[in-house]
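Novice:
Numbering (the UniProt record's numbering), first residue to last: 1 to 157.
1) Compute the Euclidean distance between the alpha carbons of residue 147 and residue 52, then round it to the nearest angstrom.
2) Would you mind giving the Cβ-Cβ distance between residue 79 and residue 60, rounded to the nearest angstrom? I have them listed as a contact below 8 Å.
3) Just mark residue 128 as buried or exposed, buried being the case when its beta carbon has 16 or more other beta carbons within 10 Å.
4) Touch check for the stretch 36-45 and the stretch 64-84: three-plus C-beta pairs under 8 Å?
5) Looking at the unbroken alpha helix (DSSP H) that takes in residue 36, where does it start and where does it end?
6) Nearest CA to the CA of residue 29: which residue from 72, 143, 4 and 142?
7) Let me check one thing: in DSSP terms, what residues is residue 58 bridge-paired to?
8) Mapping DSSP to helix, strand and coil, what is residue 5?
9) Roughly how many angstroms lie between the CA atoms of residue 71 and residue 26, to the nearest whole one?
10) Under the rule that 16 or more other beta-carbon atoms within 10 Å means buried, what is residue 32, buried or exposed?
11) Rounded to whole angstroms, what is the Cα-Cα separation between residue 6 and residue 48?
12) On the DSSP bridge assignment, give the partners of residue 11 in chain order.
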């Protein structure tokens with residue numbers, strides 16, 4: 001994955017170009033680029049209807065031998081190639097992170113929007129109907145038609 005990515009980045013020996021663009025004569029397509037180590041999910045084909053439908057893994061790069069990606073499985077501590085992962089835009093969790101985090105200064109009080117006061121829910125206001133009209137009957141979910149008994153019961157009657 002590192003070489004694949006390095007060939008698609010600008011190089012100091014090639015002014016305003018990448019090694020990929022020099023070889024293929026067009027710019028690389030980076031739309032499907034995933035962050036190394038990001039969380040991805042793979043559908044579990046052996047799962048039943050009530051089981052968890054996917055397994056969580058970590059993105060390790062693209063597989064050169066197939067049109068898939070390499071996935072690290074933390075519970076098995078192994079790497080396999082899968083065809084159709086589902087990505088999740090999340091950065092990997094790093095232990096012992098020594099990089100200092102920069103905090104943004106708080107916004108000025110005038111730029112913070114004030115919360116809106118909640119409006120009361122609308123009350124059921126009875127609507128006045130014109131003369132001669134009656135309100136519709138509530139729908140009970142079943143019809144009002146009187147059904148005749150089945151014809152095969154006629155011989156018993």
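Yeah, the Cβ is synthetic: ideal placement off N, Cα and C, and Gly gets one too.
Specialist: Taking the geometry as given:
1) In the chain shown, residue 147 corresponds to position 147, counting from 1. In the chain shown, residue 52 corresponds to position 52, counting from 1. Rounded to the nearest angstrom, the two C-alpha atoms are 47 Å apart.
2) Within the chain shown, residue 79 is the residue found at index 79, counting from 1. Within the chain shown, residue 60 is the residue found at index 60, counting from 1. Yes, residue 79 and residue 60 are in contact; Cβ-Cβ is about 6 Å, under 8 Å.
3) Here residue 128 corresponds to residue number 128 of the chain shown, with the count starting at 1. Result: exposed.
4) yes
5) In the chain shown, counting from the first residue as 1, residue 36 sits at position 36. First-last for residue 36: undefined, no H or E at that position.
6) By 1-based counting over the chain shown, the position of residue 29 is 29. With distances taken between Cα atoms, residue 29 lies closest to 4.
7) Working through the chain shown from its first residue, we reach residue 58 at position 58. 39 and 72.
8) In the chain shown, counting from the first residue as 1, residue 5 sits at position 5. Helix, per DSSP.
9) Against the chain shown, residue 71 aligns to sequence position 71. Against the chain shown, residue 26 aligns to sequence position 26. Distance between the alpha carbons of residue 71 and residue 26: 29 Å.
10) The residue given as residue 32 occupies position 32 in the chain shown. It counts as exposed.
11) Here residue 6 refers to the residue found at position 6 when the chain shown is read from its first residue. Here residue 48 refers to the residue found at position 48 when the chain shown is read from its first residue. Computed Cα separation, rounded: 41 Å.
12) Stepping through the chain shown from its first residue, residue 11 is reached at position 11. Residue 11 pairs with 14.
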